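Notes for the one structure printed next.
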Amino acid sequence: MAAVRVLILRAPGTNCDEETQFAFELAGAHACRVHINRLRENPRQLRDYQVLVIPGGFSYGDDVAAGKILANQLRYYLGDELQRFRDDDKLILGICNGFQALLKAGLIVPPARKPKHAVCLNPDFLGAKEDAVEVIPATLAVNAHGRFEDRWVFLATQPGRCPFLAGYDRWQVPVAHGEGRFLCSDEATWQALERQGQIVLRYVDAEGRLAGYPFNPNGSQGNVAGVCDVTGRVLGLMPHPERHILPTQHPHWTRRGLASEGDGLRLFRNAVYYFQ
Amino acid sequence: MLWEIAIYPVEPDAEHRRISQELREGNVQATLLCTGRVYLAISEESSPCSVGMLAMALLTDAVLERYAIVPAGARLPLDGILKRAGAEENERQRAPSQEATIVTVLPRPDVMDPVVESVTLAARDLGLSHIRVLRTGRRYIFAERLEQSLLDRIARKILANEVIEEWYLGPLPESVWRALGRVYRLQRVEVPLRQASDEELLRISREGQLALSLEEMRTIQQYYRQLGREPTDIELETLAQTWSEHCSHKTFKSAIHYVGADGSRRYENLLRDTIFAATETIRQRLGPDDWCVSVFRDNAGIVRFDERYHVCFKVETHNHPSAIEPYGGANTGLGGVIRDVLGTGLGGKPIANIDVFCFAPPDWPEAEIPAGVLHPRRTLRGVVAGVRDYGNRMGIPTVAGAVCFDPRYLANPLVFCGTVGLIPVGLEHKRPKPGDLIIVLGGRTGRDGIHGATFSSLELTEQSETISSSAVQIGNAITEKKMLDVLLAARDRGLYHAITDCGAGGFSSAIGEMAAELGASVHLDRAPLKYQGLSYTEIWISESQERMILAVPPSAWPELQALCVAEDVEAAVLGQFEATGYLRLYYEGQLVGELDLHFLHEGRPKIVRHATWFPASSPPGQMQTMCPTHQTGSSEQNDVCGTQAESLLPGESPTVELVPSSHSKTESRSAPQDWTLVLLGILRSYNVASKEWIIRQYDHEVQGTSVLKPLVGVAHDGPGDAAVIAPVRGSFRGLALGCGINPCYGDYDPYWMAASAVDEAVRNVVAVGADPQRIALLDNFCWGNTDRADLLGALVRAAEGCRDAALAFNTPFISGKDSLNNEFHSGDIHYVIPPTLLISALGIVTDVRRCVSMDFKRPWNLIVLVGVTRAELAGSHYQLILNNAGRMPIQTTGNDQLSAWQRVPTVDFSLAPRIVAAIHQAIQRGYVRACHDLSEGGLAVALAEMCFAGGFGADIALPSYGTAPPRGDNGSDMRLSVSVLEGNLPDDVILFSESNTRFLLEIPPEAEADFRELFTGLPWCILGTVSDAPQLTIFDSQRRHRLIDASLDELKAAWQTALTEQLT
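In order, the protein sequence lines correspond to chains A and B. Residue numbering for the first sequence follows numbering that gives the first Met the number 0, beginning at 0 and increasing consecutively. Residue numbering for the second sequence follows numbering that gives the first Met the number 0, beginning at 0 and increasing consecutively.
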């Protein structure tokens, strides 16, 4: 059987692409790192792959807001191909900066129509008072304490339809981000996500209970660590599963001895299994 | 049409909270209502529609933010802003909008603004290429109409740093949008030098910020007299850059006549004759086992790692820029050392960063801050943010470091940044060939960073922040990351013959060095510029960040160019290397400078410098040496000391009976509470206290190579000795990174400061599992003005200490750097930093699965002390906190005690390497469950740290004189045993002495027999056991008195809160 083909999308400032490639290769996939300029030149090459990954980093420096410029590129240049990719029963994964980009591109929570004055403070000046605009009703904001933070977290999983997370319960991975606080703009959006089983990963304490800082490292609404789209095939998460592939990556390995593998490896293997 | 797009958060954001906090800390009465981000744009259309689309689709997060668009100069829709965004209801009501004060802060036009580039690119993505964002900024809206003096203070001290930023009150005037560039017309400038008097020579040097001495100016004058012409400005600048202390290390390489308490001697070249020489001796000793690949030659030192890779390592300082603009200074400091690694051999791939800082205490009183100096808290926050933003964006884990606090760093904070890289075997050497094109790759050249190299070679004054603002830059990490991606690909395809970074001196140093053995022609008008209007000299010496120079064979240029285009990296041909022996500089075809490369690199006059060193006749009471040197008399000194005494001990200071009244008898001095209070005091001292607030802001796990993290233990918050990474995926071979720094010891003897720093750096990496036969060292000297013979003497002593310690441990120095003139003048106040030496160690770990962390692992395991404790309290933290409590017990009757306060920790050069070898053996045998080195605070602090990191207590009895390892079954090894105490030491000395080469180990009882055999003939003893009770209890050797009795919670809280509460 041919190896599952994974496209790891690289943009200026992407910096977790190599370890993500390593994780997929350990899981048995054939993973290629491709610069977004190449994909923009020829979006159809996406059709050669079964998994698309947007890895962590600081795409375009996170200038303006984390993942925002890359999100716009996904939305305006690759929107149709991405739609088709997902509808072809393929998988999309966004880790950290990749999650920020997927979310802001509207690939996890779809855009909603709002009156313009909901966003603009002087719409009368623009002469466009009644215009409606499309906005994405959820975001990843600056961490509640305002700082970038690297720390290990416990995750509780409700995999639902999300193939990446099959078989996961409670597991440990590190987070490392400055803008990871998941927020919905309104209660309805939140309710819909919960109802549809899209909140697949939450930060918990060692006993699996929802808990505050430092267990919830960024102050996310409902302790959200990862969200999938309605199909379950598009997953975005702030923690870094590719940083817990090897047993020596766990912060307690000198206390507990070496495990056979890191908790994160299963996620990558799940993606490969999905096509076999 | 000019537009202002402003984005306002709907709830107070992190910036709002940060400013509010600083207003509180500064006791400023002003109410911040709202913050915002401002984008100044120019559009070809007069309708606001497209600008609105940019705001909507790119700049605003609809969940968190609202935007407002106004044409340049128009009134802001303040009511709308305050109604919908940010401001709390009650604050708004208190403040009618016409009363509000609006302040907008923008980076100065010449300063790098990375956001401008990104946003302009993103606008193009949206099909809005007719809009250009010119500048970005931050806005602050206050409830009150602030009076001018208060406004000035807030804007200057809190909102903006005028070195790199400017601020405006109210709506922005149209002039703010103005284009940055101006037209430059070639004007070749000659400097009349041949007829100049000595006075005029010095004036030319001073006014041109050349930092050349009279001797050097005369040499240049003589040279041009012989040539029969005047130098052009660019020639003079090139000489100044190349001959600067920063680029040539002229002090360290000069001939020195030394007279000291230990005799007199002469060095022809201090660096070559001490530190280099030690490395040469070690390499000869190692013979075929020599693992050095390239030392003291390239941008970084290179040693062997495994069959496929070499590893290179470099640590740089960026002190002067960080003093006047902490964020930018630290940001570009790290960016610079990363480029050093990129420009080592044919290019190293950066795999880890380290950072070490020295600051004044963060609670230093505002009133004591001289003009032109930033508060240490602001400096610290800015420096940490600068390192964080650059390292994290580059995707390089920042894995190790240290922070030292001492009031003498008030005006001269020190910022050390280091980078480790991997170089494939075979790519470690470079050499440009005649005919190779000179390619500049990466960022564009602007007016930022003019005169950085010469600026850093001068002392700081209160005017430094205004006259040298152009010496400071802001980095753009993403430009460097893109450059890194392209360079590694080009390296692997063999597209260039040589590479180096543009650091201090810009093109002048980079091209000047690369062409040293050839010659080159450079066409300065071909450099891509950020904006028009730069003179040829400005282009030549600009230190704009994120640029590399490559020597590319003409046949490879098309492929390299295509690679750059594919990833949006700019590259241009500046000229060609040619075997002429001359550096020829052109602008628009006209020759503007011509320099003989031999004169440039070898022409600097050699002078003999005089150095002296005598130990202080009385104990260098920390009270004096801890203070900035005030020249106005002793009464003022005491004032400063008074405040400092309290400031170093935050929180509840252990003032109650810190030192027992009778010091003469060992028995009567152990009033139970006292030593616990001392221990808590040391744990709370800023040097020892947890740096978690800083460490967690760095991504220390990116690249997925982490094996031992900087914070370890059951709750991931204990102080690891060294970080370990396994940099090659799929391999278990690792690197341990650690460092040693202790300026307090230098107050007593710089020689032992240096030896102690080497010992500490070696201990740190050995404690986690590095092979002591595979440790490479770096030195970084930060000194005051070495024109003073005593400071130069201290430098000689320190270099000799480095040499002797390196020889003893067989650990070669592979690279180093010095930063002199860390002094500051303001009025009649003169600040000098303590001589500061950072030793960084890189150790190879054969198999990372054998690594050990410092946290206790299991109750009932044995706790073993290895190494000799001596009465060495000079420069110790014990002494420091007693000083600060005003209780320095110099007058005691015990003779041993008296000398202990004067004796600085030494290193037993024959015993120390045997100890670290045995520690390594024990770790390799797999039974060492925890290992921690003894450093600041000595035994008591190390025990406390192992306890609270592991979540277990310990039950300890101090050794007594003559305590040797328990007898073996055959009784034969007693004879070979060595006492762990030198003489009959009082309990407090055993608890707090900082003697070198000591370790604490946790081993299971069943390993004791093997351990005993392994440590035959070495000093070690069993102190006690790990316990399941959460309590650290230390008895005297007779188990009669509890010397220390403290709960883990109490110990941990003292250690964790002291620094954190100053910073959050």
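All residues carry an ideal CB built from backbone N, CA and C; glycine is no exception. Since this is a predicted model, take the numbers as computed values, not measurements.
Residue i classed as buried or exposed, judged by whether at least 16 other C-beta atoms fall within 10 angstroms
| i | result |
| --- | --- |
| Cys357/B | buried |
| Gly300/B | buried |
| Leu20/B | In the sequence under discussion, the amino acid at residue 20/B is Gln, which differs from the Leu named in the question. Its Cβ having fewer than 16 others within 10 Å, Gln20/B is exposed. |
| Asn215/A | buried |
| Pro627/B | Model confidence at Pro627/B stands at a pLDDT of 33, short of 50, so the residue's coordinates are unreliable; what they give is reported in the following sentence. Flag for Pro627/B reads buried. |
| Lys348/B | buried |
| Ala205/A | exposed |
| Glu871/B | buried |
| Phe613/B | exposed |
| Gly448/B | buried |
| Cys48/B | exposed |
| Ser934/B | buried |
Minimum C-alpha distance to residue i - residue among the options
| i | options | result |
| --- | --- | --- |
| Gln220/B | Pro604/B, Gly502/B, Gly347/B, Asn411/B | Pro604/B |
| Val521/B | Asp846/B, Leu213/B, Val102/B, Leu584/B | Leu584/B |
| Arg1065/B | Gln194/B, Thr280/B, Tyr223/B, Thr119/B | Since the first residue shown for chain B is 0 and the last is 1063, residue 1065/B is missing from the structure and cannot be characterised. |
| Leu1017/B | Leu864/B, Cys563/B, Gly1023/B, Ala929/B | Leu864/B |
| Cys738/B | Ile774/B, Thr1015/B, Val711/B, His715/B | Ile774/B |
| Gln147/B | Gly344/B, Ile918/B, Thr100/B | Thr100/B |
| Ala2/A | Gly218/A, Ala224/A, Glu24/A | Glu24/A |
| Gly502/B | Gln472/B, Ser293/B, Thr135/B, Glu516/B | Gln472/B |
| Ser994/B | Pro230/B, Ser755/B, Ile843/B | Ser755/B |
| Gly441/B | Leu341/B, Glu569/B, Ile922/B | Glu569/B |
Which of helix, strand or coil DSSP assigns to residue i
| i | result |
| --- | --- |
| His29/A | strand |
| Gln68/B | According to the sequence provided, residue 68/B is Ile. The question's Gln does not apply to it. Correct three-state label for Ile68/B: strand. |
| Val865/B | strand |
| Thr378/B | helix |
| Ile1002/B | strand |
| Glu17/A | helix |
| Phe1010/B | helix |
| Gly221/A | helix |
| Met1073/B | Beyond the ends of chain B as shown, which are 0 and 1063, falls residue 1073/B; an answer cannot be given. |
| Phe291/A | The shown model of chain A, from 0 to 275, leaves out residue 291/A, and the question about it has no answer. |
| Lys816/B | strand |
| Gly893/B | Per-residue confidence for Gly893/B stands at a pLDDT of 48, beneath the threshold of 50, marking its modelled position as unreliable; no derived number is given. |
| Ser652/B | For Ser652/B, the predicted structure reports a pLDDT of 34, less than 50, and the residue's modelled location is therefore unreliable. A value from the coordinates is still provided. Three-state DSSP puts Ser652/B in coil, outside helix and strand. |
| Tyr288/A | Residue 288/A falls outside the range modelled here, since chain A spans only 0 to 275, and no answer is possible. |
Amino acids of chain B, ordered along the chain, whose beta-carbon sits closer than 8 Å to that of residue i
| i | result |
| --- | --- |
| Leu120/A | Tyr7, Arg65, Tyr66, Ala67, Pro76, Gly79, Ile80, Arg83, Ala84 |
| Tyr59/A | Ser117, Leu120, Ala121, Ile477 |
Interface residues of chain A facing residue i [CB-CB closer than 7 Å]
| i | result |
| --- | --- |
| Cys850/B | Thr253 |
Chain B residues whose Cβ lies nearer than 9 Å to that of residue i
| i | result |
| --- | --- |
| Tyr212/A | What Tyr212/A touches in chain B: nothing, since even the nearest Cβ is about 12 Å away. |
| Cys15/A | Gly394, Val701, Gln702, Gly703 |
Contact list for residue i against chain B, beta-carbon separation under 7 Å
| i | result |
| --- | --- |
| Pro240/A | Chain B residues near Pro240/A: none, gap ~10 Å exceeds 7 Å. |
| Glu18/A | Gln702, Gly703 |
| Tyr75/A | Asp124, Leu125 |
Proximal chain A residues relative to residue i, where beta-carbon distance stays under 9 Å
| i | result |
| --- | --- |
| Gln696/B | Arg146, Phe147, Glu148, Asp149, Gly177 |
| Pro113/B | Gly60, Asp62 |
| His715/B | Arg150, Trp151, Pro250, His251 |
Inside the region 712-786 of chain B only - alpha helix (DSSP H) runs reaching at least 4 residues: 742-745, 749-767
Segments assigned beta strand (DSSP E), at least 3 residues, entirely inside the region 418-444 of chain B: 436-441
Every unbroken beta strand (DSSP E) within the region 344-374 of chain B, with a cutoff of 3 residues, ordered by chain: 348-358
Alpha helix (DSSP H) runs contained entirely in the region 209-285 of chain B, provided each spans 4 or more residues: 213-226, 232-242, 244-247, 276-285
Length at least 3, wholly inside the region 110-189 of chain A: the beta strand (DSSP E) runs in chain order: 111-114, 131-134, 137-140, 148-156, 169-176, 180-183
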